[in-house]
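Asks:
Protein chains: 2
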Amino acid sequence: MCDRKYAILGTGALGGFYGGKLQKAGLDVHFLLRSDYDHVKKYGLLVESKDGDFALPQVNAYQDIEKMPQCDVVVVALKTTQNYLLPKLLPPIVKNGGVVLVLQNGLGIEEEIAQIIGNVSIIGGLCFLCSNKVAQGHICHLDYGHITLGEYIPGYPTVGITDKIQQIAHDFHRAGIAIELAEDLLLARWKKLVWNIPYNGLSVILNARTDELMADMYTCKLVEQLMFEVAAGANSHGRNIPDSFIQKMLDYTVKMKPYRTSMKIDYDECRPLEIEAIFGNPIRQAQTAGASLLQISCIYNQLKFLDTKNQKQ
Amino acid sequence: MCDRKYAILGTGALGGFYGGKLQKAGLDVHFLLRSDYDHVKKYGLLVESKDGDFALPQVNAYQDIEKMPQCDVVVVALKTTQNYLLPKLLPPIVKNGGVVLVLQNGLGIEEEIAQIIGNVSIIGGLCFLCSNKVAQGHICHLDYGHITLGEYIPGYPTVGITDKIQQIAHDFHRAGIAIELAEDLLLARWKKLVWNIPYNGLSVILNARTDELMADMYTCKLVEQLMFEVAAGANSHGRNIPDSFIQKMLDYTVKMKPYRTSMKIDYDECRPLEIEAIFGNPIRQAQTAGASLLQISCIYNQLKFLDTKNQKQ
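In order, the protein sequences belong to chains W and V.
Counting along the first sequence from 1, when you hit position 297 you're at 297 in UniProt numbering, and nothing is skipped either side.
Counting along the second sequence from 1, when you hit position 118 you're at 118 in UniProt numbering, and nothing is skipped either side.
1. Among V:9, V:236, V:100, V:222, which residue has its Cα nearest to the Cα of residue 35 of chain V?
2. What did DSSP end up calling residue 1 of chain W once you bin it into helix, strand or coil?
3. Going along chain V, which residues have a C-beta under 8 Å from residue 21 of chain W?
4. Grouping DSSP H, G and I as helix and E and B as strand, with all else coil, what is residue 194 of chain W?
5. Please confirm if residue 259 of chain W has its CB atom under 8 Å from at least one CB of chain V.
6. Quick one: what's residue 49 of chain V bridged to in DSSP?
7. Compare the C-alpha of residue 263 of chain W against each of W:300, W:216, W:186, W:293 and name the closest.
8. Does the beta carbon of residue 216 of chain W sit closer than 8 Å to a beta carbon anywhere in chain V?
9. With 16 as the cutoff for other CB atoms within 10 Å, does residue 23 of chain V come out buried or exposed?
10. Hey, would you say the C-beta of residue 69 of chain V is under 7 Å away from at least one heavy atom of the ligand FAD?
11. Across the region 227 to 235 of chain W and the region 200 to 218 of chain W, are there enough close Cβ pairs to call them in contact, namely three or more that are closer than 8 Å?
12. Between which residues of its own chain and residue 89 of chain W is the CB-CB distance below 7 Å, once the five residues before and five after are set aside?
13. At 3 residues or longer, what runs of the beta strand (DSSP E) sit wholly inside the UniProt domain "Ketopantoate reductase N-terminal" (6 to 152) of chain V?
14. Among the candidates W:216, W:54, W:291, W:199, whose CA atom is the shortest distance from the CA of residue 234 of chain W?
15. CB-CB under 6 Å to residue 266 of chain W, same chain, minus the five flanking residues each way: which ones, in chain order?
16. Specify whether the region 235 to 251 of chain V and the region 187 to 195 of chain V touch according to this definition: at least 3 beta carbon pairs, one from each stretch, less than 8 Å apart.
17. From the DSSP output, in three-state form, read off residue 250 of chain W for me.
18. At least one CB of chain V closer than 8 Å to the CB of residue 295 of chain W: is that the case?
19. For residue 69 of chain W, which residues of its own chain have a beta-carbon under 7 Å away from its beta-carbon, when the five flanking residues on both sides are left out?
20. Is the region 131 to 144 of chain V close to the region 107 to 114 of chain V, with three or more CB pairs under 8 Å?
21. What's the call for residue 134 of chain W, buried or exposed, on a 16-neighbour Cβ count within 10 Å?
22. Please classify residue 97 of chain V: is it buried, with 16 or more other beta-carbons within 10 angstroms of its beta-carbon, or exposed?
23. Ends of the beta strand (DSSP E) at residue 181 of chain V?
24. Residue 154 of chain W to residue 116 of chain W, Cα distance in whole Å?
25. For residue 200 of chain V, which residues of its own chain have a beta-carbon under 6 Å away from its beta-carbon, when the five flanking residues on both sides are left out?
26. Return the Cβ separation of residue 32 of chain W and residue 40 of chain W in integer angstroms, given the expectation that the two are a contact with Cβ distance under 8 Å.
27. Reducing DSSP to helix, strand and coil, say where residue 271 of chain W ends up.
28. Between which two residues does the alpha helix (DSSP H) holding residue 259 of chain V run?
29. Could you spell out the range, first to last residue, of the alpha helix (DSSP H) harbouring residue 233 of chain W?
30. Using the beta-carbon of each residue, which ones in chain V are nearer than 9 Å to residue 206 of chain W?
31. Need the endpoints of the alpha helix (DSSP H) that residue 306 of chain V sits in, please.
32. Quick check: the Cα distance between residue 164 of chain W and residue 172 of chain W, rounded to an integer number of angstroms?
33. Cα separation between residue 62 of chain W and residue 54 of chain W?
34. Taking the alpha carbon of residue 286 of chain V as the point to measure from, which residue in V:120, V:107, V:101 has its own alpha carbon closest?
35. Helix, strand or coil: which one does DSSP assign to residue 241 of chain W?
36. With residue 168 of chain V as the anchor, note down where its alpha helix (DSSP H) starts and where it stops.
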């Protein structure tokens, strides 16, 4: 079988890292860029990584979607706040029968893609990655990097490990990226929210790192209560997140290096926050199933206020 | 009947204002001071007020509770964060059969006094007052000033308008202070919390004035939801706060001049916040009665974190 051709939509801390690893492994990768286009076209990508630095002096860089080749796998590595661009970006570049791989957190992501484009497989990927873009075309990978993959079918039935996700996993393994396969994408998404909702939300609202939140008995309790609310949300959709998983997330965070969450970094750099995907959609989906996530709603409304104020500055 | 002798415990923005008004009206008032003692002993009190400025060049100032005369009415005008001082302050100065008038917000206040001292009447007063201490012995009264008074009986039965509160009301009226008499002190306390919980809490957490909170649709909704939770808390103790009251508070705040809440002022000046009286006690009392105030708990835990951090600075 020929190699699959990859497109990376959004060549930032995440897209630049994974796309760079894929190209380094010999895959045919095409990068869409905006602000960094000129630089990357000229000098390529530089990835500093705890697993070993590498440079790609030449990459296939584009700033115009119309000039990109049609690809087998289109990796959506934009922030969800930019998903309003997808109706223009996706249709021209996904091969008929190809794959859209969305590397985004939150809920409601795959439904959004499905409304834009048909006759493709949609795969959700949840990235456990600490990386930052430190300069144009220059990515700094600090920690972790594994991805959980699950295939989407409308209504999110549990589909098991499909051929499609195994193919993608194969390519990513080849690039040295650890992959976990999820039989139930919706469960995987809710599980990711167990961490993302409390830490992303509170880090912005309380101007705090993870270690500060865990060192205070009140925020530590609040984090735990928010996690239980996420589990209640999952439960409203028939997914069970056991208490032991919540305990594992708490223990894991206590042991983590002091960490500024990605939402806090976005906030500090005055970028729009991914509030709807990570907070709004879970609240609304639980509401539809009859569950009120009250403490998460409180956090949501606070974040909306802070985000608006931050964007006005 | 002879005039009642008054003691004012805590001669700040609130105690200095009301005590000053009482003395100006000819009543016998004795002020306990701490940091401002030397200044006030020498120069008295100065009150700038929207209702007319006045100076009291000489006041009965004390820094030692043992030197104060026993009084008919002891006005507790400290912040609740200083109530740990009351077991030392109250017993020496309240006349047998006298009155302790606590001008403090929140719940659990009168029970605390009742545990310290017996054979006195305890009256709760809820002040609607905008005033600041701008310098030593110098108070600036910006707006409002009326007080709601209600007598406390253990278990908070509705006691109606008692003789004791009428006597106090008489003195305050004489000093030009508007008084509303409450037949049900517990209901009055919960009603005051309808305003205090959302605005005090969110102003600190979101670094915002009342007008900013009301101009944003998300915080405006959150304020309203918090108000409904306060009403649910009141309901768990058999007190009904009608929706129309909540609507009135929202309308009233929209029309108010942009206002920095008293808790936000405390926070900005790195003073400890009255979190337990205004948030912790209502949450716990509702919990005891089987009602979970989840969004207020979220605010409570956030405030505890911020207060601790602020006190460490």
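Built from N, CA and C at the ideal position, the CB exists for glycine as well.
Replies: Answer, in terms of the structure:
1. If you number the second sequence from 1, residue 35 of chain V lands on position 35. When each option's Cα is compared against that of residue 35 of chain V, the closest is V:9.
2. Taking the first residue of the first sequence as 1, we reach residue 1 of chain W at position 1. Since pLDDT at residue 1 of chain W reaches only 45, below the 50 mark, its modelled position is unreliable, and no value is offered.
3. Taking the first sequence and counting its residues from 1, one reaches residue 21 of chain W at position 21. Near residue 21 of chain W there are no residues of chain V at all, since even the closest Cβ is about 38 Å away, more than 8 Å.
4. Within the first sequence, the letter at position 194 stands for residue 194 of chain W. Looking at residue 194 of chain W - three-state DSSP - the assignment turns out to be helix.
5. Sequence index remark: in the first sequence, residue 259 of chain W carries index 259 (1-based). Not an interface residue.
6. Reading the second sequence from its first residue, position 49 is the one you call residue 49 of chain V. According to DSSP, residue 49 of chain V bridges with V:141.
7. Here residue 263 of chain W is taken as the residue at index 263 of the first sequence, counted from 1. Out of W:300, W:216, W:186, W:293, W:300 has the C-alpha closest to the C-alpha of residue 263 of chain W.
8. If you number the first sequence from 1, residue 216 of chain W lands on position 216. Answer yes: the Cβ-Cβ gap between residue 216 of chain W and chain V drops below 8 Å somewhere.
9. What you label residue 23 of chain V is simply residue 23 of the second sequence in a count that begins at 1. Flag for residue 23 of chain V reads buried.
10. The ligand FAD is not among the ligands present in this structure, which contains no ligands whatsoever.
11. no
12. The count along the first sequence starts at 1 and reaches residue 89 of chain W at position 89. If we look at residue 89 of chain W and ignore the five residues flanking it on each side, its Cβ neighbours are 9, 65.
13. 28 to 32, 45 to 49, 54 to 56, 60 to 62, 71 to 76, 94 to 102, 121 to 135, 138 to 152
14. Within the first sequence, the letter at position 234 stands for residue 234 of chain W. Ranking the options by Cα distance to residue 234 of chain W, first place goes to W:291.
15. If you number the first sequence from 1, residue 266 of chain W lands on position 266. Closer than 6 Å at Cβ, skipping near neighbours: 273.
16. yes
17. Along the first sequence, one-based indexing puts residue 250 of chain W at 250. Note: residue 250 of chain W maps to helix in three-state DSSP.
18. By one-based count along the first sequence, residue 295 of chain W stands at place 295. True, the Cβ-Cβ gap to chain V drops below 8 Å.
19. For the purposes of this step, residue 69 of chain W is identified with residue 69 of the first sequence, where counting begins at 1. Within the same chain, residue 69 of chain W has close Cβ partners 5, 30.
20. no
21. Taking the first sequence and counting its residues from 1, one reaches residue 134 of chain W at position 134. Answer is exposed; the Cβ neighbour count stays below 16.
22. Reading the second sequence from its first residue, position 97 is the one you call residue 97 of chain V. Its Cβ having fewer than 16 others within 10 Å, residue 97 of chain V is exposed.
23. Within the second sequence, residue 181 of chain V is the residue found at index 181, counting from 1. Looking at the DSSP string, the run of the beta strand (DSSP E) that includes residue 181 of chain V is 179 to 181.
24. Working through the first sequence from its first residue, we reach residue 154 of chain W at position 154. Working through the first sequence from its first residue, we reach residue 116 of chain W at position 116. Their Cα atoms are separated by approximately 14 Å.
25. In the second sequence, counting from the first residue as 1, residue 200 of chain V sits at position 200. Result list for residue 200 of chain V: 261, 263, in chain order.
26. Here residue 32 of chain W is taken as the residue at index 32 of the first sequence, counted from 1. Here residue 40 of chain W is taken as the residue at index 40 of the first sequence, counted from 1. Going by Cβ atoms, the distance from residue 32 of chain W to residue 40 of chain W rounds to 10 Å, so no, they are not a contact pair.
27. One-based indexing of the first sequence puts residue 271 of chain W at position 271. If DSSP states are grouped into helix, strand and coil, residue 271 of chain W belongs with coil.
28. Reading the second sequence from its first residue, position 259 is the one you call residue 259 of chain V. First-last for residue 259 of chain V: undefined, no H or E at that position.
29. Residue numbering aside, residue 233 of chain W sits at position 233 when the first sequence is read from its first letter. Residues 217 to 236.
30. Here the question's residue 206 of chain W lines up with position 206 in the first sequence. Under the 9 Å cutoff, chain V gives 205, 302, 305, 306, 309.
31. Translated into positions along the second sequence, residue 306 of chain V becomes position 306. Counting along the chain, the alpha helix (DSSP H) containing residue 306 of chain V begins and ends at 294 to 312.
32. The count along the first sequence starts at 1 and reaches residue 164 of chain W at position 164. The count along the first sequence starts at 1 and reaches residue 172 of chain W at position 172. Each residue's Cα considered, the two are about 13 Å apart.
33. Translated into positions along the first sequence, residue 62 of chain W becomes position 62. Translated into positions along the first sequence, residue 54 of chain W becomes position 54. Straight-line Cα distance between these residues: approximately 21 Å.
34. Residue 286 of chain V sits at position 286 when you count from the first residue of the second sequence. The shortest C-alpha separation from residue 286 of chain V is found at V:107.
35. In the first sequence, residue 241 of chain W corresponds to position 241, counting from 1. Note: residue 241 of chain W maps to coil in three-state DSSP.
36. Translated into the one-based positions of the second sequence, residue 168 of chain V becomes position 168. That run of the alpha helix (DSSP H) goes 163 to 174.
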